[in-house]
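Colleague: Protein chains in written order, with the working numbering: chain A, 1 to 288; chain W, 289 to 645; chain H, 646 to 1057.
Just so it is clear, CB atoms sit at the ideal spot from N, CA and C, and this is done for glycine as well.
Starting off with a structure, shown below.
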Amino acid sequence: MSAELFSLFYQFADVFAFLILSAAGLAIVFGMMGVINMAHGEFIMCGAYVTVGLVNLGVPLPIAQILATLTAGIIGMIVEYLIVRRFYKRPLDSLLATWGLSLIVTQSMLLIVGSAVRGIGTPEGSFAIGGYTFSTYRLVLFGCAVAVLAGLYIIFMKTRFGVIARATMQNAAMAKALGARTGRIYSISFGIGTALAGLCGALYAPTMTLIPTMGATFVVESFVTVVIGGANVLLGTAPAAVFLAMIRMALNAGYGQIIGQIGMLFAVILIIRVLPEGLSSVLVRRGR
Amino acid sequence: MFKLLDGPQTLGRGKIFWSCFLAVLAGALIYPLFADSYDVGNFAYFLIWIFMALGLCLMWGYGGMLSFGQTFFFGIAGYGYGVLAINMGGGTATIAALILSVVIAMIAAGILGYFMIWGGISGIFFGIVTLSATLVLAFFLGQTAGPEWHIGPARLNGFNGMKGMDPLTVGSFDIEGSALYYLMIALIVIVYVALRILVNSSVGNVIVATRENPQRAEMLGYDVRKYQLLTFVIGSGLAGLSGALYTSWGQFITPSSIGLPAAAMPIVWVAFSGRNDLTATLVGSFLLLFGFQTITVYSQQAALVLMGVLLLATVMLAPQGFVLGIGRLVVDWWSRRRRRDEAPALADAGRLQSDET
Amino acid sequence: MNSGRIVGMALLGAVLGTAVIGAAQAADPPLKVGLLEDVSGDLAFMGMPKLHGSQLAVEEINKSGGILGRQIELIHLDPQGDNARYQEFGRRLLNRDKVDVLIGGITSASREALRPIVDRTTTPYFYTNQYEGGVCDASMVSMGAVPEQQFSTLIPWMVQKFGKKVYVIAADYNFGQISAEWNRKIMKDLGGEVVGEEFIPLGVSQFAQTIQNIQKAKPDWLLTINVGAAQDSFFEQAAAANLNLPMGSSIKVMLGFEHKRFKPPALNNMHATANWFEEIDTPEANDFKKRWHAKFPDELYINDMGYNAYNALYMYKALVEKAKSTKLEDMRKVIATGDACIDAPEGKVCIDPKSQHTSHRMRLISVGPKHEVTVEKDYGTIQPYWLGEIGCDLTKKNDKDQYTPSHLPSKS
């Protein structure tokens, strides 16, 4: 019985980690900054490729993952400076620009690196409970997801940067008038967002097949999670992920993956219909 | 009624514009006389997709509703045409199948639109709901490979796609090649002119007013929801028209015409062309479809990179869209010359400037 | 990869150049071969070897004097994995370039997209993948292996060696569903039991739940017919969770070269039946591999698709030369005699007159803990008999349909 219970928790943790890790970066870039980043999946891919590349050069996995995260963040800041900066006033156009970027990046990766990359294998081994065996690494992923949530909360709620960043997102002109260097705030926020995308790729790299279009598998889930989370990203994304993970896990277990996928999308439609402002609108109201 | 052809909501007016329009139309009409039959068929194929782009232009550019669901209705009508054409038998019945399938898509749009618009869903939420519905349809159709999934003798046939329907036929004459081309030209002209009249009519003005500020429009006494629903149904119906024509053209449709990345394509065409204007969308979508195909034929693996560069360059250099950007350059150059001649600037130049918001 | 590609293009250019010169000398126009293979997008890693195989065959045939003294001009377009592009380009090659033969397509959907277009012309079409079988169409010649060649060898062997209980993981589309149907049919005949069947939507990459379901069902072995790069993640995740079950498949190893792409021991204990895999050790195969790697030194693995694409051109050459004509009807007369054979690197292969599918020499291979491949059993030549048995006879009637065990020809 306890094996069944743990199995339930494990499945939930697995889907939850996937949703949080893939959505965290987007929550900042899209949720807070309003940039529709169609290249989100490509930053994930970047994190994964850098990780695998470094591991193949002999760098230990955790260090490779940290370096990959930083790389994605730095590339993100460069992209922000060159491209995204121009689109803060017209967010819908950022969709076209970043989509163009994602086409360029995926196809260039294919041309430069080739279509197939050798995997690196999952670390940490496995453990058994009852009749089941589990991969330890999946629990590491869950731990990372929780750590990412905590980290985001601390950065944006407890630090001076976070206060200024939130002020800038709410009213850039006012923040600027009060002396905030809004350009730099945007740049750093975007960098944090893409670094988190890179982290997602770095963490999932050992468990997945690496191809240049791998980012696409994360994109729908992450957009959906962020959107139903609603306007208050820090409060919304986590409950959205919990909610979607429960639905998905229950349907996956009972009816198979296809129903899990369709059911999750149906849930999204219904949630938005009932709460057109997203989950966080309810939480914020309750909180008051 | 035809007075409404020109108005504040559409670019291009007066004699110069309409003579250009007629010249292009005449060129299009005589094109098959001297062109290779393959190229004529290929152009007809590009025109099939334009309806979907015009529909999205109406919803997004004029109505302010970013729908990710164009391929949802494309798919409903595309599969609808297949099922109907197979069940009703070929021949002239295919015309009825075409019309019925578009009607089905519009009914579906009415239901989904009512659900969303009366639920107060707007902005990016509108996009996500339509995208979710689209993906659900694509996933669902993808797993219908088994023989138990059939409607009459028409098998849905899962990911491999449905086939075996007749192309559009009158009597025993298949509408293909240049016949299809002329049919497409006729339909495009009808739809284009009708949409111009619509957006310049009082209904169109309310649609635009709703885009600009729904509360204000509501305060002025309009039930904006009805206007939004009307826009959504027309725009989605046009996507359905594209879908039914596409199935008829290739006698084949698969779920991958519905899911991602197909669902993003109409948005790319319209955003590239300039979503604020019907003419820009018409011209731009055609150029983009033609350009993408040409790039793919001649540049092999670099094709996707070039397409990405093209899109990126367009949004960075011509924020209003490719066609409007070029149009603006031309108009600026024109008006500068006029100004030198101390003549009044073209009316269009003023409109372009005021449209920047 | 990149430099290999440039070299490849340069070589192709050289080939085309010599083709033009050769043609000028022979005063005969070159034979045009239209090729549609995805070298961008999700399927690029499978499409690339197919393009290479075709290029290698064209180069060799042109060097040795062409077909009926005519050189070959290869026209390749890249549909980018998009079915609509397959249709556009299919029409372009057939109507505008007026190719003499059309080759290509990766997914079954792309083949089905092409067939209605090909069927309205008199151009032959070669499909070079192994697939779920059942297409009965006079315009199409299938070069790859089909379920009766792969499953009726693999499944009895797995049952005998590992036990009667199987769990199936299949991609949720036609290939996976029809393959699962085959498995059910064969397992029933063997008195085995299918303890679970799970259909996975394309693009899904997370398998924790699936792994748990398998452990709950306690099968003796797994049939893995999951498809695509995302679904291949199953192997890594199953290995990480220490699932440790024997696996059988009709598409792993020789097609997706998972044993080269994943870190050992993810593919340990995988078994597959194949007409080709790079580890085949015969003089003909070794010679073929040497020529391939000389031309494409960066190739990670010569998979069966690339190999079949290579064979397709030689089969076309044989058909044209025996028929002394490039017309489909004349070539089909040769096929009808049952004498349409070539000596391929795997051994002799022939086209079956009734179904226009190819006989293959099938071998059962297994993957070890270090991902070394060993041949467990050689079945010799196996005919693609199923279509003929259920009543498809292209020498008499052109059905233009695709049949499955649950969708058989109507008895009329």
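Could you check the C-alpha separation between Asp1046 of chain H and Val487 of chain W for me, to the nearest Å?
Modeller: Rounded to whole angstroms, Asp1046 of chain H to Val487 of chain W spans 48 Å at the Cα level.
Colleague: By DSSP, does Glu1133 of chain H sit in helix, in strand, or in coil?
Modeller: As displayed, chain H neither begins before 646 nor continues past 1057, which places residue 1133 of chain H out of reach and without an answer.
Colleague: Which residues bound the alpha helix (DSSP H) around His904 of chain H?
Modeller: Per DSSP, His904 of chain H belongs to the alpha helix (DSSP H) from Glu903 to Arg906.
Colleague: How would you call Ile231 of chain W, buried or exposed, if buried means at least 16 neighbouring beta carbons within 10 angstroms?
Modeller: As displayed, chain W neither begins before 289 nor continues past 645, which places residue 231 of chain W out of reach and without an answer.
Colleague: What are the boundary residues of the alpha helix (DSSP H) that Ala13 of chain A is part of?
Modeller: Note, Ala13 of chain A: alpha helix (DSSP H), Ser2 to Leu26.
Colleague: Heavy atom of the ligand COA less than 7 Å from the Cβ of Asp93 of chain A, yes or no?
Modeller: Summarising the ligand content, the structure contains no ligands, and the ligand COA is consequently not present.
Colleague: List the residues of chain A whose Cβ lies closer than 7 Å to the Cβ of Met693 of chain H, in chain order.
Modeller: Residues of chain A passing the Cβ test: Ser115.
Colleague: With distances taken Cα to Cα, identify the nearest neighbour of Ala384 of chain W among W:Asp454, W:Leu592, W:Ala482 and W:Ile522.
Modeller: The residue with the shortest Cα to Cα distance from Ala384 of chain W is W:Asp454.
Colleague: On the DSSP bridge list, what partners appear for Met1007 of chain H?
Modeller: Met1007 of chain H pairs with H:Gly1025.
Colleague: Which residues mark the beginning and the end of the beta strand (DSSP E) in which Cys308 of chain W is found?
Modeller: Unbroken run through Cys308 of chain W is the alpha helix (DSSP H), Gly302 to Phe322; no beta strand (DSSP E).
Colleague: Take the Cβ of Val15 of chain A as the centre, count every other Cβ of all protein chains shown within 10 Å, and call the residue buried at 16 or more, exposed below.
Modeller: Classification of Val15 of chain A: buried, given that the 10 Å Cβ count is 16 or more.
Colleague: Could you give the DSSP three-state label for Thr1059 of chain H: helix, strand or coil?
Modeller: Absent from the structure is residue 1059 of chain H, since the part of chain H shown begins at 646 and ends at 1057.
Colleague: Determine, for Ser280 of chain A, whether the minimum Cβ-Cβ distance to residues of chain W falls below 8 Å.
Modeller: Not an interface residue.
Colleague: Need the endpoints of the alpha helix (DSSP H) that Tyr290 of chain A sits in, please.
Modeller: The first residue shown for chain A is 1 and the last is 288, placing residue 290 of chain A beyond what the model contains.
Colleague: Here's a check: name, in chain order, each residue in its chain whose Cβ is nearer than 7 Å to the Cβ of Thr418 of chain W, leaving out the five neighbours to either side.
Modeller: So the qualifying residues of the chain are Ser355, Phe356, Gly357 and Phe360.
Colleague: State yes or no: is the C-beta of Leu738 of chain H within less than 8 Å of the C-beta of Leu719 of chain H?
Modeller: Result no, Cβ atoms of Leu738 of chain H and Leu719 of chain H do not sit closer than 8 Å.
Colleague: With a threshold of 8 Å, are at least 3 pairs of Cβ atoms found where one atom belongs to the stretch 539-549 of chain W and the other to the stretch 464-473 of chain W?
Modeller: At 8 Å Cβ cutoff, the stretches do not touch.
Colleague: Quick one: what does DSSP say Ile831 of chain H is sitting in, helix, strand or coil?
Modeller: Three-state result, Ile831 of chain H: helix.
Colleague: Compute the Euclidean distance between the alpha carbons of Leu335 of chain W and Gln107 of chain A, then round it to the nearest angstrom.
Modeller: Each residue's Cα considered, the two are about 28 Å apart.
Colleague: For the beta strand (DSSP E) that contains Trp866 of chain H, what are its first and last residues?
Modeller: Taken as a continuous stretch (DSSP letters only), the beta strand (DSSP E) holding Trp866 of chain H covers Trp866 to Ile870.
Colleague: Using only alpha-carbon positions, find the residue among H:Gly893, H:Ala989, H:Glu843 and H:Val840 that is nearest to Leu912 of chain H.
Modeller: Residue H:Gly893 is the option with its Cα nearest to Leu912 of chain H.
Colleague: Residue range of the beta strand (DSSP E) that Val811 of chain H falls in?
Modeller: Start and end: Lys810 to Ala816.
Colleague: Can you give the Cα-Cα distance for Lys999 of chain H and Ile228 of chain A, rounded to whole angstroms?
Modeller: Rounded to the nearest angstrom, the two C-alpha atoms are 56 Å apart.
Colleague: Cβ of Asp817 of chain H less than 8 Å from any chain W Cβ?
Modeller: At least one chain W Cβ lies under 8 Å of Asp817 of chain H.
Colleague: At 8 Å on the CB atoms, spell out the chain H contacts of Tyr326 of chain W, in chain order.
Modeller: Residues of chain H passing the Cβ test: Arg736, Arg737, Asn740 and Arg741.
Colleague: Quick check on Glu1017 of chain H - is its C-beta less than 8 Å from some C-beta in chain A?
Modeller: Output row for Glu1017 of chain H: interface = no.
Colleague: Which residues in the same chain as Ala875 of chain H place their Cβ atom closer than 8 Å to its Cβ, once the five residues preceding and following it in sequence are excluded?
Modeller: Here the set comprises Leu847, Gly848, Val849 and Ser850.
Colleague: I want to see whether chain W comes within less than 8 Å of Ile129 of chain A, judged by CB atoms only; does it?
Modeller: Cβ-Cβ to chain W under 8 Å: no for Ile129 of chain A.
Colleague: Could you please give the first and the last residue of the uninterrupted beta strand (DSSP E) stretch that includes Gly992 of chain H?
Modeller: Gly992 to Cys995 is the extent of the beta strand (DSSP E) around Gly992 of chain H.
Colleague: Name the chain C residues whose beta carbon is nearer than 7 Å to that of Val619 of chain W?
Modeller: Absent here is chain C; the protein component of the structure consists of chains A, W and H.
Colleague: Quick one: does Asn914 of chain H have its CB under 8 Å from some CB of chain A?
Modeller: Not one chain A Cβ lies under 8 Å of Asn914 of chain H.
Colleague: When DSSP labels each residue in this structure, what does Ser699 of chain H get in the three-state scheme?
Modeller: Helix.
Colleague: Taking Cβ-Cβ distances below 7 Å as the criterion, which residues of the stretch 394-413 of chain W are in contact with chain A?
Modeller: Here the close residues are Phe403, Gly407, Gly408, Ile409, Ile412 and Phe413.
Colleague: Closer than 8 Å by beta-carbon distance: list the chain H residues that pair up with Phe134 of chain A, in chain order.
Modeller: Those are Ala886, listed as they occur along chain H.
Colleague: Out of W:Gln516, W:Ala590, W:Leu388 and W:Leu529, point me to the one whose CA is closest to Met109 of chain A's CA.
Modeller: Ranking W:Gln516, W:Ala590, W:Leu388 and W:Leu529 by Cα distance to Met109 of chain A puts W:Ala590 first.
Colleague: Please classify Val300 of chain A: does DSSP put it in a helix, a strand, or coil?
Modeller: Because residue 300 of chain A is not part of the residues shown, which for chain A are 1 to 288, the question remains open.
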